Amino acid sequence: MYDWVVLVLTLLLIISYGVYKSTTEKNLTGYFQGDRTMPWYVVLLSIMGTQASAVTFLSGPGQAYTDGMRFVQYYFGLPLVMVVLCITFVPVFHRLKIITAYEFLEKRFDLRTRTLTSFLFQLSRSLSTGISIAAPSIILSSLLGWDILWTNLVMGGVLIIYTVSGGAKSVAYTQKLQMIIISFGLFLAGWLVVKMLPESVGFTDALHVSGKMGKLNVLTSGVTENGFDWKDRYNIWSGVIGGFFLALSYFGTDQSQVGRYLTAKNIADSRMGLLMNGLVKVPMQFLILLLGAMVFAFYQFNTAPIFFNEVQLKKIENSRYK
Numbered sequence: 001m002y003d004w005v006v007l008v009l010t011l012l013l014i015i016s017y018g019v020y021k022s023t024t025e026k027n028l029t030g031y032f033q034g035d036r037t038m039p040w041y042v043v044l045l046s047i048m049g050t051q052a053s054a055v056t057f058l059s060g061p062g063q064a065y066t067d068g069m070r071f072v073q074y075y076f077g078l079p080l081v082m083v084v085l086c087i088t089f090v091p092v093f094h095r096l097k098i099i100t101a102y103e104f105l106e107k108r109f110d111l112r113t114r115t116l117t118s119f120l121f122q123l124s125r126s127l128s129t130g131i132s133i134a135a136p137s138i139i140l141s142s143l144l145g146w147d148i149l150w151t152n153l154v155m156g157g158v159l160i161i162y163t164v165s166g167g168a169k170s171v172a173y174t175q176k177l178q179m180i181i182i183s184f185g186l187f188l189a190g191w192l193v194v195k196m197l198p199e200s201v202g203f204t205d206a207l208h209v210s211g212k213m214g215k216l217n218v219l220t221s222g223v224t225e226n227g228f229d230w231k232d233r234y235n236i237w238s239g240v241i242g243g244f245f246l247a248l249s250y251f252g253t254d255q256s257q258v259g260r261y262l263t264a265k266n267i268a269d270s271r272m273g274l275l276m277n278g279l280v281k282v283p284m285q286f287l288i289l290l291l292g293a294m295v296f297a298f299y300q301f302n303t304a305p306i307f308f309n310e311v312q313l314k315k316i317e318n319s320r321y322k
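Here our numbering is used: the first residue of the sequence shown is 1, the next is one more, and so on.
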């Protein structure tokens, strides 16, 4: 009963807070850019909230659980990307007073170029959003016993309500609130994992176990006895070089991110929001992966379930294979 109360109150708080913060929007600039009045810390949390979807907090620990913490290397080039954007993209976007990144392409080339890139963005973002909604829906449908189709519809409906009704300012302030809740949940999950370890096993012991099993390997060169392993997905070179260009395209041309730092009240606040994101995101991703490594250590002292939800387990128990 208490779980339902917390869930409903949280959703109502997010929707109400976002709509309330958007009551001053009276034109296109207000709707799409919040009248360009956002301070840098709201820009920061909005950028992080957009980037850190539910997939990050669900698949991140799972990534460390199976492969270790090498994935964090993809974020090492992020601070440099933020510097490049602050020097190049941000001043141009602010000077032209554009609403979308693709509006710049129309000014630079023509309407057809803008239309094509806008279409490609909508297509890719639709696929990405579908995954971002589906991932937590799997968890919620297992916990609440709902059909996953209805879970997707409810989650999508809530997002549509406060996004469409409130605009950019609503999204920015609700994402600020969401990031606070998510960060609290991250630390709470880590505390619970350590607390539920056997009495004779502490935090440092769990780290030792994870380290011995290779789950705490952060820096890898990709070099083996037979030379460089081109099939190795996560190493310092693929992370810094590949991660740099991936982040440059994402933060520099993807409207889901460009729209966030264009809500800032001036160039300085846009730059500060981006630079702080580059500094905060790396340790944040490190902690998310560390949580997965701690969960791995936890299951060295406890029996790991076949499936990590009761619904799938009940299906097996009721099947003819039992």
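Note that CB positions come from ideal geometry on N, CA and C, so glycine has one too. Note that this is a predicted model, so its numbers are computed, not measured.
Could you say which of 8, 7, 41 lies nearest to residue 280 if we only look at CA atoms? 41
Residues in the same chain with beta-carbon distance under 7 Å from residue 292, minus the five sequence neighbours each way, listed in chain order, please. 60, 61, 62, 63, 64, 65
Give the DSSP-derived three-state secondary structure of residue 284 in the structure shown. helix
Straight-line Cα distance separating residue 157 from residue 164: 10 Å
4 or more residues per run - each alpha helix (DSSP H) lying fully within the region 181 to 260: 203 to 212, 243 to 253
On the premise that residue 273 lies in contact with residue 15, defined as a C-beta separation below 8 Å, what is that separation, rounded to the nearest angstrom? Not quite, the Cβ-Cβ distance comes to about 24 Å (not below 8 Å), so this is no contact.
Closer than 6 Å by C-beta to residue 100: which residues in its own chain qualify, once you throw out the five before and the five after it? Chain order, please. 255
In the DSSP assignment, find the alpha helix (DSSP H) that holds residue 145 and state where it starts and stops. Run containing residue 145: none; DSSP gives neither H nor E here.
With residue 64 as the anchor, note down where its alpha helix (DSSP H) starts and where it stops. 54 to 67
Compute the Euclidean distance between the alpha carbons of residue 58 and residue 51, then round it to the nearest angstrom. 14 Å
Which same chain residues end up closer than 7 Å to residue 203 when comparing Cβ atoms and leaving out the 5 residues on each side of it in sequence? 194
Does the Cβ-Cβ distance between residue 106 and residue 114 come in under 8 Å? yes
Taking the continuous alpha helix (DSSP H) assigned at residue 79, which residues delimit it? 78 to 87
For residue 330, tell me which candidate among 92, 68, 5, 237 has the shortest Cα-Cα distance. Here the chain comprises residues numbered 1 to 322, so residue 330 is not present and cannot be evaluated.
Work out the CA separation of residue 169 and residue 132 for me, nearest whole Å. 21 Å
Would you give the residue range spanned by the alpha helix (DSSP H) that residue 346 belongs to? Given that the chain is displayed from residue 1 to residue 322, the structure contains no residue 346 and the question cannot be resolved.
Please classify residue 196 as buried or exposed, where buried requires at least 16 neighbouring CB atoms within 10 angstroms. exposed
Entirely enclosed alpha helix (DSSP H) segments - the region 89 to 176, minimum 4 residues: 89 to 96, 101 to 108, 111 to 144
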